[in-house]
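K.L.:
Under the working numbering, the first residue of the sequence shown is numbered 1, with each subsequent residue one higher. Ideal Cβ placement from N, Cα and C applies to all residues, glycine included.
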Amino acid sequence: MAFTLRQVQFFVAVAEQGSVTRAAQNLSISQSSVTEALKELESDLGVQLFERHSRGLTITHNGHQFLRHATKILASVSDARTSFSGQQSTLSGTLNIGVTSLVAGYVLSDLLARYRRACPGIEVSAIEDNGGYLEHLLVGGELDVAVMVISNLRDRMALQAEILETSPYRLWLPMGHPLVSADIISVADIAREPLIMLTVDEIEENTGKLLSALGARPHVAFRTRSVEAVRSLVATGAGVALLPDLVYRPWSLEGDRIESRDVSGSLPVVQVGMVWRKGSSLPQAARDFVGIAESVRSGRIR
């Protein structure tokens with residue numbers, strides 16, 4: 001029997017949540033239904049998508065490859081539904097978008113692909129820069145909307161923000177690291193490790209504040225603006241990283257495994273959202289973009 005869209009949806013939910021329990025809660029179904037769907041999907045594909053262990057599930061290399069196909073399948077079905085709903089725009093005009101570097105490749109690319117399919121007559125112009133400069137452009141009316149990290153939005157009096165995604169911090173580790181098998185990982189454990197620091201948006205600031213607040217001075221082994229560099233450095237044992245789940249992938253470009261673990265205590269979260277000037281009348285092109293982003297946030301296939 002060929003796999004079903006429902007199985008694909010369950011698989012993506014588990015892959016994103018890293019847990020059958022959390023996936024089932026988000027989908028409002030039983031854990032047994034999710035577990036059975038995963039088994040049937042693996043049987044149909046003839047590959048193991050997850051490794052089962054006492055801590056839960058870890059996606060395999062085959063699972064990571066299938067995840068790329070699965071997300072495209074769900075996006076295509078969502079687009080097919082929209083195409084028959086009479087909502088496809090026939091507008092022409094321009095849309096000026098800003099984006100911060102952390103979310104450019106993880107959030108905006110999918111939104112833009114959906115928007116271009118729904119609104120082919122709109123010419124899109126996008127600029128990538130830091131959050132402070134994007135806020136300046138929004139207030140000045142030079143941008144219609146920005147997709148950015150909004151956890152530390154500065155000018156909340158002048159700007160309207162809507163959350164698209166909330167991503168908790170987790171610890172990235174190389175395979176075989178002693179902390180991989182630890183039952184509980186504390187911030188004090190991390191402070192003793194060489195840290196690979198990502199220096200984009202608010203990541204470095206948040207990580208430093210977290211460790212300093214708990215009396216731990218981080219031992220920074222390497223600073224970089226490249227998420228791929230962080231992945232490679234962690235995977236080869238140069239250090240560990242404390243980063244939001246938004247940018248986690250279980251493999252480096254070289255094909256080395258990266259583990260991800262929860263850390264005990266109150267960790268910050270990264271909020272990604274849409275921002276526009278408060279009180280302004282958004283053009284139809286921008287309202288359509290906001291509507292598509294909201295539909296992506298509200299869920300996949302129901």
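Counting only runs that start and end within the stretch 48-132, where is the beta strand (DSSP E) found for 3 or more residues in a row?
P.N.:
Listed in chain order, they are 50-53, 56-59, 93-99 and 122-128.
K.L.:
Measuring only the C-alpha atoms, how far is SER295 from GLY140?
P.N.:
The straight-line gap from Cα to Cα measures roughly 28 Å.
K.L.:
Which residue's Cα is closest to the Cα of GLY105: SER264, VAL247 and GLN48?
P.N.:
Residue VAL247 is the option with its Cα nearest to GLY105.
K.L.:
Kindly indicate which residue of LEU74, LEU5 and LEU57 has the alpha-carbon position closest to the one of ASP44.
P.N.:
Nearest option by C-alpha distance: LEU5.
K.L.:
Comparing alpha-carbon positions, which option in LEU210, PHE10 and ALA293 lies nearest ILE163?
P.N.:
Closest option to ILE163, Cα to Cα, is ALA293.
K.L.:
In three-state terms, what does DSSP make of SER154?
P.N.:
What sits at residue 154 in the sequence shown is Arg, not Ser. Coil, per DSSP.
K.L.:
Contact between the stretch 166-186 and the stretch 131-147 is defined here as three or more beta-carbon pairs at a separation below 8 Å; is this criterion met?
P.N.:
Because the criterion of three Cβ pairs below 8 Å is not met, the stretch 166-186 and the stretch 131-147 do not touch.
K.L.:
Looking at the structure shown, is GLY303 part of a helix, part of a strand, or coil, going by DSSP?
P.N.:
Coverage of the chain is limited to positions 1 through 302, which leaves residue 303 absent and any answer about it impossible.
K.L.:
ARG192 to ARG261, Cα distance in whole Å?
P.N.:
The straight-line gap from Cα to Cα measures roughly 16 Å.
K.L.:
Assuming LEU123 contacts THR100 under a Cβ cut-off of 8 Å, what Cβ separation, rounded to an integer in Å, is found between them?
P.N.:
Position check: residue 123 holds Glu in this sequence, whereas Leu was assumed. So it is not a contact: roughly 22 Å between Cβ atoms.
K.L.:
I'd like the span of the beta strand (DSSP E) that includes PHE3, first residue to last.
P.N.:
Here PHE3 belongs to no beta strand (DSSP E), and DSSP marks it neither H nor E.
K.L.:
Mind listing, in chain order, the continuous beta strand (DSSP E) runs of no fewer than 3 residues lying wholly within the stretch 153-237?
P.N.:
Within the stretch 153-237, the complete beta strand (DSSP E) runs of at least 3 residues are 159-174, 194-198 and 219-224.
K.L.:
Taking only three categories from DSSP, how would you classify ARG302?
P.N.:
Because ARG302 sits at a pLDDT of 39, beneath the cut-off of 50, its placement in the model cannot be relied upon, and the following sentence gives the value as read from the coordinates. If DSSP states are grouped into helix, strand and coil, ARG302 belongs with coil.
K.L.:
Mark ILE203 as exposed unless 16 or more other C-beta atoms lie within 10 angstroms of its C-beta, in which case mark it buried.
P.N.:
Result: buried.
K.L.:
Report the three-state DSSP secondary structure of GLU29 (helix, strand or coil).
P.N.:
The displayed chain sequence assigns Ile, not Glu, to residue 29. It is coil, neither helix nor strand.
K.L.:
Where does SER264 land, buried or exposed, given buried means 16+ other C-beta within 10 angstroms?
P.N.:
By the 10 Å Cβ count, SER264 comes out exposed.
K.L.:
Going by DSSP, which residues form a beta bridge with LEU242?
P.N.:
LEU242 pairs with LEU171.
K.L.:
Expressed to the nearest angstrom, what Euclidean distance is found between the alpha-carbon atoms of PHE3 and THR58?
P.N.:
If you take the alpha carbons of PHE3 and THR58, they lie about 21 Å apart.
K.L.:
Please classify SER76: is it buried, with 16 or more other beta-carbons within 10 angstroms of its beta-carbon, or exposed?
P.N.:
Counting Cβ neighbours within 10 Å, SER76 comes out exposed, since fewer than 16 surround it.
K.L.:
Counting Cβ pairs closer than 8 Å, one from the stretch 211-231 and one from the stretch 19-30, do we hit at least three?
P.N.:
Contact fails: fewer than three Cβ-Cβ distances are below 8 Å.
K.L.:
Going by other Cβ atoms of all chains shown within 10 Å of its Cβ, with 16 needed for buried, is ILE184 buried or exposed?
P.N.:
Result: exposed.
K.L.:
In angstroms with no decimal places, state the Cα-to-Cα distance between VAL14 and TRP251.
P.N.:
Cα-Cα distance, rounded: 17 Å.
K.L.:
Once you ignore the five residues that flank ASN152 on each side, which residues in its own chain have a CB closer than 6 Å to its CB?
P.N.:
Contacts found: GLU202.
K.L.:
For VAL308, collect the residues of the same chain with a Cβ closer than 7 Å to its Cβ; drop the 5 residues on either side in sequence, then sort them by chain order.
P.N.:
Here the chain comprises residues numbered 1 to 302, so residue 308 is not present and cannot be evaluated.
K.L.:
Kindly list the residues whose CB is nearer than 6 Å to the CB of SER92, restricted to its own chain and excluding five residues on each side of it in sequence; keep chain order.
P.N.:
Contacts found: GLY121.
K.L.:
Is the Cβ-Cβ distance between ILE97 and LEU112 less than 9 Å?
P.N.:
Closer than 9 Å, so yes.
K.L.:
May I ask you to report which of helix, strand or coil DSSP gives SER260?
P.N.:
In the structure shown, SER260 sits in a strand (DSSP, three-state: E or B).
K.L.:
Can you tell me where the beta strand (DSSP E) holding VAL149 begins and where it ends?
P.N.:
Note, VAL149: beta strand (DSSP E), 145-149.
K.L.:
Can you list, in chain order, the residues of its chain whose CB lies under 8 Å from that of ARG217, leaving out five sequence neighbours each side?
P.N.:
Once the five neighbours on either side are set aside, the close Cβ partners of ARG217 are ALA191 and LEU211.
K.L.:
For VAL8, collect the residues of the same chain with a Cβ closer than 8 Å to its Cβ; drop the 5 residues on either side in sequence, then sort them by chain order.
P.N.:
Answer for VAL8: LEU41, ALA70, ILE73 and LEU74, listed in chain order.
K.L.:
Exposed or buried, ILE301, counting other C-beta atoms within 10 Å across all chains shown (16 or more means buried)?
P.N.:
Because ILE301 sits at a pLDDT of 39, beneath the cut-off of 50, its placement in the model cannot be relied upon, and the following sentence gives the value as read from the coordinates. It is exposed - the Cβ of ILE301 has fewer than 16 other Cβ atoms within 10 Å.
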